[in-house]
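Engineer:
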Ligand SMILES: Nc1ncnc2c1ncn2[C@@H]1O[C@H](COP(=O)(O)OP(=O)(O)OP(=O)(O)O)[C@@H](O)[C@H]1O
Ligand SMILES: Nc1ncnc2c1ncn2[C@@H]1O[C@H](COP(=O)(O)OP(=O)(O)OP(=O)(O)O)[C@@H](O)[C@H]1O
Ligand SMILES: [Mg+2]
Ligand SMILES: [Mg+2]
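Residue numbers (this note's numbering), protein chains in the order written: chain A, 41 to 270; chain B, 41 to 270; chain C, 247 to 482; chain D, 5 to 370; chain E, 5 to 370.
1) Who are the Cβ neighbours of residue 340 (chain E) in its own chain at under 6 Å, not counting the five residues just before and after it?
2) What three-state label does DSSP hand residue 234 (chain E) in the structure shown?
3) Assuming the contact rule is C-beta atoms closer than 8 Å, residue 157 (chain A) and residue 90 (chain E) should be a hit. Round their C-beta distance to whole Å, please.
4) Under 8 Å, with one C-beta from each stretch per pair, do the stretch 143–158 of chain B and the stretch 228–241 of chain B reach the 3-pair mark?
5) Relative to the C-alpha of residue 138 (chain A), which residue among A:161, A:59, A:266 and A:257 is closest?
6) Among E:49, E:338, E:269 and E:303, whose alpha-carbon lies nearest the alpha-carbon of residue 309 (chain E)?
7) Over what stretch of residues does the beta strand (DSSP E) that includes residue 218 (chain E) continue unbroken?
8) Within the 9 Å Cβ cut-off, does residue 2 (chain E) reach chain D?
9) At least one CB of chain G closer than 9 Å to the CB of residue 192 (chain D): is that the case?
10) Kindly list the residues whose CB is nearer than 7 Å to the CB of residue 324 (chain C), restricted to its own chain and excluding five residues on each side of it in sequence; keep chain order.
11) Run down chain B in chain order and give the residues with a C-beta less than 8 Å from the C-beta of residue 430 (chain C).
12) If you measure from the beta carbon of residue 125 (chain E) to each beta carbon in chain D, is any gap under 9 Å?
13) What three-state label does DSSP hand residue 287 (chain E) in the structure shown?
14) Pull up the distance between the alpha-carbon of residue 33 (chain E) and that of residue 278 (chain E), whole angstroms please.
15) Once you ignore the five residues that flank residue 112 (chain D) on each side, which residues in its own chain have a CB closer than 6 Å to its CB?
16) Might you give, ordered along the chain, the residues of its own chain that have their beta carbon closer than 7 Å to the beta carbon of residue 48 (chain A), omitting 5 neighbours on each side?
17) How would you write the range of the alpha helix (DSSP H) that residue 126 (chain D) sits in, first residue to last?
18) Taking residue 295 (chain E) as the reference, give the member of E:208, E:121 and E:351 with the closest Cα.
19) Taking Cβ positions, are residue 396 (chain C) and residue 370 (chain C) nearer each other than 9 Å?
20) Find the residues of chain B that neighbour residue 370 (chain C), judging by a C-beta separation of less than 7 Å, and give them in chain order.
21) Taking its Cβ as the centre, do 16 or more other Cβ atoms sit within 10 Å of residue 161 (chain A), making it buried, or is it exposed?
22) Give the straight-line distance between the Cα atoms of residue 254 (chain D) and residue 287 (chain D), rounded to the nearest whole angstrom.
23) Who are the near neighbours of residue 51 (chain A) in its chain, counting only those whose CB is closer than 7 Å to its CB and skipping five residues on each side?
24) Give the single residue among A:133, A:96 and A:46 whose Cα lies nearest to the Cα of residue 197 (chain B).
25) Is residue 196 (chain E) close to ligand 4? I mean its beta-carbon at under 8 Å from any heavy atom of the ligand.
26) Are the C-beta of residue 33 (chain E) and some C-beta of chain A separated by less than 9 Å?
27) Between residue 187 (chain B) and chain A, is there a C-beta pair that is closer than 9 Å?
28) According to DSSP, simplified to helix, strand and coil, what is residue 303 (chain E)?
29) Give me the Cα-Cα distance between residue 474 (chain C) and residue 480 (chain C), rounded to the nearest whole angstrom.
30) Taking all protein chains shown into account, do 16 or more other C-beta atoms lie within 10 angstroms of the C-beta of residue 163 (chain A), making it buried, or fewer, making it exposed?
31) List the residues of chain B whose Cβ lies closer than 7 Å to the Cβ of residue 250 (chain A), in chain order.
32) Could you tell me the alpha carbon to alpha carbon distance between residue 264 (chain D) and residue 256 (chain D), rounded to whole angstroms?
33) Relative to the C-alpha of residue 270 (chain E), which residue among E:259, E:250, E:261 and E:59 is closest?
34) Name the DSSP beta bridge partners of residue 14 (chain E), please?
35) What residues of chain B sit near residue 93 (chain D), judged by a beta carbon separation below 7 Å?
36) Pull up the DSSP beta-bridge partners for residue 310 (chain D), would you.
Written out as structure tokens, the structure reads:
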């Protein structure tokens, strides 16, 4: 297609990859944290809860800067990870990390709300039938929470598709490596005459996110119908 | 307190006001839209759903720019509103509008998830007892959805406290009028050596948001306990 | 270089158009690739402080370059003032008459109740220069409460372009390309510190390729491209 | 006011196709699990829109698929006691009970809530929330909530299934009173033969979504050809009036031409009382037996004899103008030489009649 | 294996303080709504941690507050039939039924699922989800789910309350078989006197959170001083063996020194059968009556006579070594001059015994 330049297609592909990884990579943690916040009592619970919300409260630049300080190659975590071969700084993985962290509060809240809505009586029923807590989680809670997980995932995906401030601050805007759609849009908006190009990219971004949204709605409706019985 | 300059205190106060209004002002719409998405079938439902998610997907600058185009004094809606005395441009109201719109998808999703978790059988029970749909909503659905509304509100509040990109693009940064905490933080981070000043503001911002978060947790726990019975 | 090399350039976002053109020509001519990462100068400088794999840095102001120089992160010898720019007063009204910008400019009257759009006056270069100019002309105190600051100069331009603010202070480079604003006048060069875009190769980068590209930026192709975008080229 | 129901609806493989008329009083819907009882009740309540049909209470048409009438649930003025209690979890018991009254039209019957609360024994629970109630307590609150909504139509889906016998016997008279003293039609789902016999003005037996039989309680229960409630359910209903109260705690009832002694019935002489006599509680004798503890030995004539494949036989009797059913073994029928037209004696223990056939010991049915 | 329960717990104003021992077989918990039955069952299941106490099944200690033992629910190897069905809404009926087996230890009893499904009549529902089931269907699936979990302890909280009589009579024999053929203790909550009489090996009567009385079914039900199930519940339980099957569909049972004729019992001669005889189904005669339809006329001796305030009297009889209860009116007791030690005849209709006292017509109890 001639709608976009090869470099822009690269940005589209990268954005998709980043958003997918941010979503899928964040999901296990999101589910775990949501479950802990919804069902467990432990010291430091409120601190965890606060931490999770932090990326929402902080201006994205600050989040990006903090990421740069900790996960950069010279940062305390980044340097350790580098030794075992995991590098976030100035890689697409870093963009995924930034997007994932920015999207995390949204994901956790959606999943947590769904977990809180699961009737503990059903989980008890699972236990009486011999399922240990992890099994109860896997066979009762998780399936019932699927709509919430889906909602959390789609929120995270949308957020990751749109995330820009933390990403560009953390991993810069290197075409082919860390230039996602939003950073490309940003760059266009910084110069005269870039609006039209920016608009094209905005449209692409919106189309992708809307497609994902629509899919999630269809899926979620199917799940709901199953449970309602048919 | 000498921790912050008077101008910074002003920014704190303004941020609070903006976040509160963004949250409270958005809530009725959020509840309505969430209910519509959760329970009604109507043409254009998917379009509404997409629109609601748009601020999440778009880079904030784009959202801010679109706000400027529509709600600016020359914009199609802005000019009409101006005639009836409602002005958003360069006012804190505009900042609240921008923050509210940015926070809207988060709010709607949380409330929608909670509404979807309400057992329609209880609403049916309300109807058999003579409550018309609006009354069923007010006396059954709404109270049961309170935890979700609270969750949505706190997400929105946190987001509004951190929102910056769309706000500054739409209403710019006028100290005392539209200068919120995040724009002050951003400004500090743009110059070499501004990190320490930025940090003070970040701390203030985090303290405020965490307090709100904690309050919402306490409240939400109280609601849950009541329903569980005690 | 015989082998195709890759040079990573961290450049201020406002240089996008010129850099796109230059890097394309550079690739054609040398077979090397220039990867240009465009972002705010502050973000780029911080990334360099954090060990970014950049070879060349072009800043939109001297402060961040100075900071990196103090940190020993750039190759001091390579530092050049690459580009210059000027700031102008723009208006939304297409028929507005040009003015002379000096201490007598009735800026406050021109604004009336309305706003003067600028970039953040304490943080973003265009805003800093603008404030300095207004201050030296003795106009700042009269308009200060009416200044609407944005996080970047393009957003300030947008405020004027949409008519939300009747007047604004932006770079000449931005104003020239925006059909919805008219330039009322240019601020005197002596009313503010010189607006320069310093460039340098980075201490940790690939010195040879970096210097080659930096040289290319000072060559005729680049000069033409920069000038097309309205920049003043400061090197010979 | 009568309730007319006529509807058909499909649920996957299950097809409901039922029509019946419920006269004023209690219409008991019964049938095996899955026969479509709740589906019908939901359709009457407006919670399920049948594919086609018509539902009307008196002159009020609630639903008519041909005329596209559909009265929404909240305007049907119902008191629906759900099979699952469906209390509002966020409201206290008191608020749950008050919920319906809020929306009730002034025109409705005003029920005395203190009295209902006492009958249901939920006075101590008023400030709790449903989450802190036992299963039976929840069900009782649900009954109260529906009754206090000043309904014009009561729908009760197995309202007493979760309750103990004692509690049942305290609540049943309340339904009897509703039946006898108001014109509110009651559609009542029950599996319990005792409840059916005691409450039903009319009975609708469902089988696989179809009405297998319908009629007055006397007709359906007194017909030896149908024992729709299983062998335990066959029995006759006698309409009697209170004659006298004896000092030793027995009450004499007048049923057509015969007297019946039963344990005390707390109604004044002249009051109307219906008595359910189960077929298996009736013994037959070809001579008047002497020296036995049964107090009621009634001359009877055999109207019909139905000998099944099993060991039992059902005998329909005319006892002073009343129909009575007796269940005996085939062997006894042979040994005693029972045949249609024969004059025999029906032997009936007073305490058997008392078991659940008439008002219990709870609150007085007046 | 026996179940020993000893616990105390407070819920706001409600205090539970119960201790009892449930021997192998079925222990029926009964008591009025809100008396603490579900609370006890939940404690045994580990869903509620009592304030103090001890719970053990055989040698396995499930809970001991003094020794801080607390076996989590999933390791208690239960089959819990909840008062509310609690099916998994996201699983089909088939998956719900299979759920427990998944986690069952190999050591457990392997129950034939096809057979359980047939008994419960849920074969047609296997591919549906709980949302598309009727109330009774849901309850039946819940029963199946618990039974198929290869439990070592069955907890059944009013499992049959939502079912029709016919269905009940098909499921009850299954519980009887579990009781008689396995060593799995069954804790069974029920309000139904018939179920209690038929199933209970031992009975625990609860009142306001305390054990009002406990003992074997024969003891508790045969004691004229307690009629814990209300007047309808008094009765005796006879332990009998099948003697012969007669060609006319009657079965002769041997109970100590006497023969009892009842409608066909589908067990082989020699098999052990327990028979519940309700007090109000027993008539007394001072002379052997002739020409009556009742087949069982048994010589008896009056052991005790309890005349209450009401119109009734309870008579405890020795019938060939068995205890039997008869409920008569005070008037009859006076007229017949009944007194302790007197020799009388107990008259018992065969069909009364059959009503619900022994295995019904459903699947064969073997
Ligand atoms: N969470 C709770 N908080 C306070 N009281 C409770 C709670 N749960 C139960 N109760 C009370 O404890 C008592 C015993 O409840 P339980 O559920 O054991 O009764 P039950 O015997 O099973 O009654 P039913 O036959 O009605 O099911 C009841 O009075 C009930 O109100
Ligand atoms: N949503 C549904 N989808 C498919 N089948 C359904 C649905 N709801 C109910 N059914 C079926 O319709 C039939 C009638 O259900 P209904 O609830 O009316 O039975 P019921 O007579 O009330 O039984 P019960 O005594 O068990 O409550 C049942 O066979 C049931 O399986
Ligand atoms: Mg039903
Ligand atoms: Mg209970």
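C-beta: ideal position from N, C-alpha, C; glycine also.
Structural biologist: Let me lay it out:
1) Hits under 6 Å: 290.
2) Residue confidence is low: residue 234 (chain E) scores 48 on pLDDT, short of 50, so the model does not pin down where it sits. Its coordinate-derived value is still stated next. DSSP, reduced to helix, strand and coil, places residue 234 (chain E) outside both helices and strands of the structure shown, so it counts as coil.
3) The Cβ separation is near 16 Å, so there is no contact.
4) Contact between the stretch 143–158 of chain B and the stretch 228–241 of chain B is absent, because fewer than three Cβ pairs lie under 8 Å.
5) For residue 138 (chain A), the nearest C-alpha among the options comes from A:59.
6) Nearest option by C-alpha distance: E:338.
7) Going by DSSP, residue 218 (chain E) is part of the beta strand (DSSP E) stretching over 214–220.
8) Any property of residue 2 (chain E) remains undetermined from this structure, which presents chain E solely from 5 to 370.
9) No chain G is part of this structure, whose protein chains are labelled A, B, C, D and E.
10) Here the set comprises 446, 447, 457 and 460.
11) Near residue 430 (chain C) there are no residues of chain B at all, since even the closest Cβ is about 20 Å away, more than 8 Å.
12) True, the Cβ-Cβ gap to chain D drops below 9 Å.
13) In the structure shown, residue 287 (chain E) sits in a strand (DSSP, three-state: E or B).
14) Near 19 Å, if we compare the C-alpha coordinates of residue 278 (chain E) and residue 33 (chain E).
15) Any answer about residue 112 (chain D) is weak, because its pLDDT of 45 lies below 50 and its placement is not dependable; what the coordinates show is given next. Cβ neighbours of residue 112 (chain D) beyond the five flanking positions: 154.
16) Within the same chain, residue 48 (chain A) has close Cβ partners 224 and 241.
17) No residue range can be given for residue 126 (chain D), since it is assigned to no alpha helix (DSSP H) and is classified by DSSP as neither H nor E.
18) Taking each of E:208, E:121 and E:351 in turn and checking the Cα distance to residue 295 (chain E), the smallest one comes out for E:351.
19) Result yes, Cβ atoms of residue 396 (chain C) and residue 370 (chain C) sit closer than 9 Å.
20) Here the neighbours are 230.
21) Residue burial is scored here from C-beta neighbours: residue 161 (chain A) has fewer than 16 other C-beta atoms within 10 angstroms and is therefore classed as exposed.
22) Answer to the nearest angstrom: the Cα atoms are 21 Å apart.
23) Sequence-distant Cβ neighbours of residue 51 (chain A) in its own chain, meaning closer than 7 Å and more than five residues away, are 219, 220, 221 and 224.
24) Checked all of A:133, A:96 and A:46; the closest Cα to residue 197 (chain B) is A:96.
25) Incorrect: residue 196 (chain E) has no Cβ contact closer than 8 Å to ligand 4.
26) No, its Cβ sits nowhere closer than 9 Å to a Cβ of chain A.
27) It does: the Cβ of residue 187 (chain B) has a partner Cβ on chain A nearer than 9 Å.
28) In this structure, residue 303 (chain E) counts as strand in the three-state DSSP scheme.
29) Those two C-alpha atoms are separated by around 14 Å.
30) A residue is called buried when at least 16 other Cβ atoms come within 10 angstroms of its Cβ; residue 163 (chain A) meets this threshold and is buried.
31) Here the neighbours are 90.
32) Roughly 6 Å separates the two Cα atoms.
33) Among E:259, E:250, E:261 and E:59, the Cα nearest to that of residue 270 (chain E) belongs to E:250.
34) Here residue 14 (chain E) is bridged, per DSSP, to E:19.
35) Simply 267.
36) Beta-bridge pairing links residue 310 (chain D) to D:318.
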